[in-house]
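**Q** If you scroll down you'll find the structure; I have some questions about it.
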Amino acid sequence: MKIRIDPARAYRMINSGCLVLLTAAHKDRTNVMTIAWHMPVSMKPPLVAVALGVSRFTTELVDASGEFAINIPPANMLAKARRAGSISGRDMDKLAELDLAFSSGKATRAPVLQDCLGYMECKVVNRVPAGDHTVYIAEVVSAAAEDTVFDGAWLPSEGASLLFHLGGPRFVVAEKQFEDDA
Ligand SMILES: Cc1cc2nc3c(=O)[nH]c(=O)nc-3n(C[C@H](O)[C@H](O)[C@H](O)COP(=O)(O)O)c2cc1C
24 MKIRIDPARA YRMINSGCLV LLTAAHKDRT NVMTIAWHMP VSMKPPLVAV
74 ALGVSRFTTE LVDASGEFAI NIPPANMLAK ARRAGSISGR DMDKLAELDL
124 AFSSGKATRA PVLQDCLGYM ECKVVNRVPA GDHTVYIAEV VSAAAEDTVF
174 DGAWLPSEGA SLLFHLGGPR FVVAEKQFED DA
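All the letters of the sequence shown, read from the start, carry residue numbers 24 to 205 under the working numbering.
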């Protein structure tokens, strides 16, 4: 038997890209927000797409600067990721509030979070309105990851696992990888 699903909640069946912390900066403001809605969309050039709610403060910074960074947190950053996704940086310094150490990106001014497993810096090339979100298509201009957990693909382990958001308060931790030689 299959249960009916409200179309407004159907996204939760495919809501499983690894959870990321999206950072942006403009003038003297920096910010971080949690996002689950993102995907790669081109290899040449390397493009990714992210869906950012129109009301988010981060969206304003991305619009103003044309840049952002995607930071991939390990599972032990879940509490910070949930908090970054439930408060707005509009009236506070969210990076300081969450005690997230960062440096400026190499190719952008977007903050790169030190405790994350990897990051990619992106420059916006297109914006597509999508209901209450805007889809930003952006070119990856610089990227790096911890060599102990990335050798061209993730090598998650118990100490360095990735987070996946299933919806609401529900998450999955990926801490085992295998190669399917079939
Ligand atoms: C697990 C999780 C996933 C989220 N995914 C997204 C997302 O994909 N897109 C989005 O716009 N907001 C998403 N949010 C909500 C934003 O992170 C949240 O509104 C945040 O407070 C915005 O912060 P800002 O106003 O400082 O930019 C998510 C929140 C959580 C907790």
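C-beta atoms are modelled at their ideal positions from N, C-alpha and C, and glycine is treated no differently.
(1) Using a Cβ-Cβ cutoff of less than 6 Å, which residues in the same chain neighbour CYS139 once the five nearest sequence positions on both sides are dropped?
(2) Opposite ARG52 in the DSSP bridges: which residues?
(3) Taking buried to mean at least 16 other C-beta atoms within 10 Å of its own C-beta, is GLU181 buried or exposed?
(4) Count the other CB atoms, across all protein chains shown, that sit within 10 Å of the CB of LEU44; report buried if there are 16 or more and exposed otherwise.
(5) Just verifying my parser: in three-state terms, what is the DSSP assignment at GLU83?
(6) Thinking C-alpha only, which one of ALA33, VAL158, LYS50 and LEU178 is nearest LEU189?
(7) Return the chain-ordered ranges of every beta strand (DSSP E) run that is complete within the segment 138 to 188 and spans a minimum of 3 residues.
(8) Does the distance from the CB of MET56 to the CB of GLY112 come in under 9 Å?
**A** According to the structure shown:
(1) In the sequence shown, the residue the question calls residue 139 occupies position 116. Once the five neighbours on either side are set aside, the close Cβ partners of CYS139 are ASN94, ILE95 and PRO96.
(2) Counting from 1 along the sequence shown, the entry for residue 52 is found at position 29. In DSSP, ARG52 forms a bridge with HIS49.
(3) If you number the sequence shown from 1, residue 181 lands on position 158. Taking all protein chains in view, the Cβ of GLU181 is surrounded by fewer than 16 other Cβ atoms within 10 Å, so the residue is classified as exposed.
(4) Taking the first residue of the sequence shown as 1, we reach residue 44 at position 21. The residue in question, LEU44, is buried, as its Cβ has 16 or more Cβ neighbours within 10 Å.
(5) Residue 83 sits at position 60 when you count from the first residue of the sequence shown. Looking at GLU83 - three-state DSSP - the assignment turns out to be helix.
(6) Against the sequence shown, residue 189 aligns to sequence position 166. Closest option to LEU189, Cα to Cα, is ALA33.
(7) You should have 141 to 153 and 156 to 168.
(8) Working through the sequence shown from its first residue, we reach residue 56 at position 33. Working through the sequence shown from its first residue, we reach residue 112 at position 89. Yes, the Cβ-Cβ distance between MET56 and GLY112 is below 9 Å.
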